Amino acid sequence: MKLLFIGPQGSGKGTQAAIISKELNMPHISTGDLFRSIKGELKQELDSYMNSGKLVPDELVIKILKQRISQLDYKKGFILDGFPRTINQAYLLKKITNIDKVIDIELDDETSIKRISGRVTCEKCKVGYNLITEPKPKNPKFCDICNGKLIKRADDNPKAVRKRL
Numbered sequence: 424m425k426l427l428f429i430g431p432q433g434s435g436k437g438t439q440a441a442i443i444s445k446e447l448n449m450p451h452i453s454t455g456d457l458f459r460s461i462k463g464e465l466k467q468e469l470d471s472y473m474n475s476g477k478l479v480p481d482e483l484v485i486k487i488l489k490q491r492i493s494q495l496d497y498k499k500g501f502i503l504d505g506f507p508r509t510i511n512q513a514y515l516l517k518k519i520t521n522i523d524k525v526i527d528i529e530l531d532d533e534t535s536i537k538r539i540s541g542r543v544t545c546e547k548c549k550v551g552y553n554l555i556t557e558p559k560p561k562n563p564k565f566c567d568i569c570n571g572k573l574i575k576r577a578d579d580n581p582k583a584v585r586k587r588l
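Heads up, the sequence shown is in this note's numbering, so the first residue is 424 and it goes up one at a time.
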């Protein structure tokens, strides 16, 4: 089975996809996480888009995604979140795979901006927190689990979020 979670940033699609991934024992693909895992020259190109709040070009996303879903552990199905964002991306996705179910999570722009602006991640264990909503860390500078430093992504600011919405 191939599931797709769509919705604006901050809607909880990644959180819900991760929960269902664990429950169904299916691989979870977050395009943002996938992009951040890229190494080498391609990483510089991706970073130039992501750090400025711009969307990564459709053809580049499809190339990376196609590579990932062709791996053996994804043959029986997967859960995808963060893509597609546009009609053209949906068309390109349809060319490389069929999706069985789509879950659309709705959220107004101002709530999305508020949630994303408060988002922080532990640089060591990668656990996510939110300084404005839940889950809040006990200390706004350090991870509750490993005491690692909490960092904010460069593109998690109101201006960049508005561009992506």
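Just so it is clear, CB atoms sit at the ideal spot from N, CA and C, and this is done for glycine as well. Keep in mind that this is a model prediction, so the values were computed, not measured.
Asked, Found
"Residues near F501 in its chain [Cβ-Cβ closer than 8 Å; skip 5 each side]", "K425, L426, M449, P450, H451, I452 and I492"
"Distance, I574 Cα to V550 Cα", "11 Å"
"D481 versus N511: straight-line alpha-carbon distance, rounded", "8 Å"
"Nearest neighbour of F565, chosen from E546, I487, Q439 and S444 [CA to CA]", "E546"
"C-beta contact flag for S434 and I528 at 8 Å", "yes"
"Where the alpha helix (DSSP H) containing Y497 begins and where it ends", "Counting along the chain, Y497 falls outside any alpha helix (DSSP H), and DSSP gives it neither H nor E."
"For F458, three-class secondary structure by DSSP", "helix"
"Contact between the region 454-468 and the region 553-564 (3+ Cβ pairs under 8 Å)", "no"
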